[in-house]
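In UniProt numbering, the protein residues as written are 1 to 202. In what follows, a structure is listed as structure tokens, so that the remarks can point back to it.
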């Protein structure tokens with residue numbers, strides 16, 4: 001062979017080789033492309049890739065669950081996962097699988113994101129201590145907002161209701177008798193309450 005050909009072959013062999021002597025050669029020479037062409041190709045193939053990866057991910061997940069020997073748990077109507085921010089991931093009629101020795105639980109099905117307030121009152125027995133404190137804070141905020149709106153809407157009362165009722169009773173004799181009966185009943189109820197609250201002397 002010609003010496004020049006041998007030099008060219010050796011240079012080509014060195015360019016294709018990834019490591020030192022005795023390593024495998026690259027099958028394809030790496031060509032760097034611009035980022036713009038890569039983005040266009042990525043965007044055009046994105047839909048295809050997403051659908052393929054979701055299906056393959058699901059298959060991989062199911063095969064890994066089979067390796068853990070999970071068993072189906074029947075009869076579960078709903079699963080609620082409560083987040084720190086007060087939202088709930090709600091599964092209605094999910095497929096629940098579990099492997100107790102591996103400490104693994106799998107919940108699959110249609111999930112919805114909801115607020116805790118939307119799930120009341122059915123979710124109260126599922127709430128933990130943190131969620132209950134969050135719910136109490138939420139209730140306090142709502143009541144404080146409600147009180148401020150009540151104070152703005154209702155004017156202060158001026159005058160005495162007893163005087164107004166006396167004036168009304170003067171107009172009609174029947175009304176006067178009814179008001180007197182109501183006062184007697186109220187007085188009797190008040191007397192009974194006072195007697196119950198008094199301490200018993202021996």
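Just so you know, even glycine gets a beta-carbon here, dropped at the ideal spot from N, CA and C. Owing to the predicted nature of the structure, the values given are computational and were not obtained by experimental measurement.
Neighbour-count burial assignment, residue i, 16 or more Cβ in a 10 Å radius
{"i": "residue 105", "result": "exposed"}
{"i": "residue 100", "result": "exposed"}
{"i": "residue 6", "result": "exposed"}
{"i": "residue 10", "result": "exposed"}
{"i": "residue 4", "result": "exposed"}
{"i": "residue 49", "result": "In this prediction, residue 49 scores a pLDDT of 47, lower than 50, which makes its location untrustworthy; no coordinate-derived value is stated."}
{"i": "residue 186", "result": "exposed"}
Residue i, enclosing beta strand (DSSP E) - first and last residue
{"i": "residue 71", "result": "71-73"}
{"i": "residue 117", "result": "Segment 116-119 is the alpha helix (DSSP H) holding residue 117; no beta strand (DSSP E) there."}
{"i": "residue 87", "result": "87-92"}
{"i": "residue 82", "result": "78-82"}
Residue i - partner residues in DSSP beta bridges
{"i": "residue 97", "result": "72 and 106"}
{"i": "residue 111", "result": "91"}
Nearest neighbour of residue i, chosen from the options [CA to CA]
{"i": "residue 70", "options": "82, 103 and 80", "result": "103"}
{"i": "residue 62", "options": "97, 126 and 134", "result": "97"}
{"i": "residue 123", "options": "60, 81 and 9", "result": "81"}
{"i": "residue 94", "options": "55, 108, 72 and 84", "result": "108"}
{"i": "residue 86", "options": "59, 23, 120 and 60", "result": "120"}
{"i": "residue 111", "options": "84, 92, 127 and 129", "result": "92"}
{"i": "residue 139", "options": "127, 90, 117 and 130", "result": "117"}
{"i": "residue 76", "options": "84, 90, 65 and 83", "result": "90"}
{"i": "residue 130", "options": "83, 59 and 8", "result": "83"}
{"i": "residue 113", "options": "128, 134, 127 and 79", "result": "79"}
{"i": "residue 88", "options": "56, 137, 128 and 186", "result": "128"}
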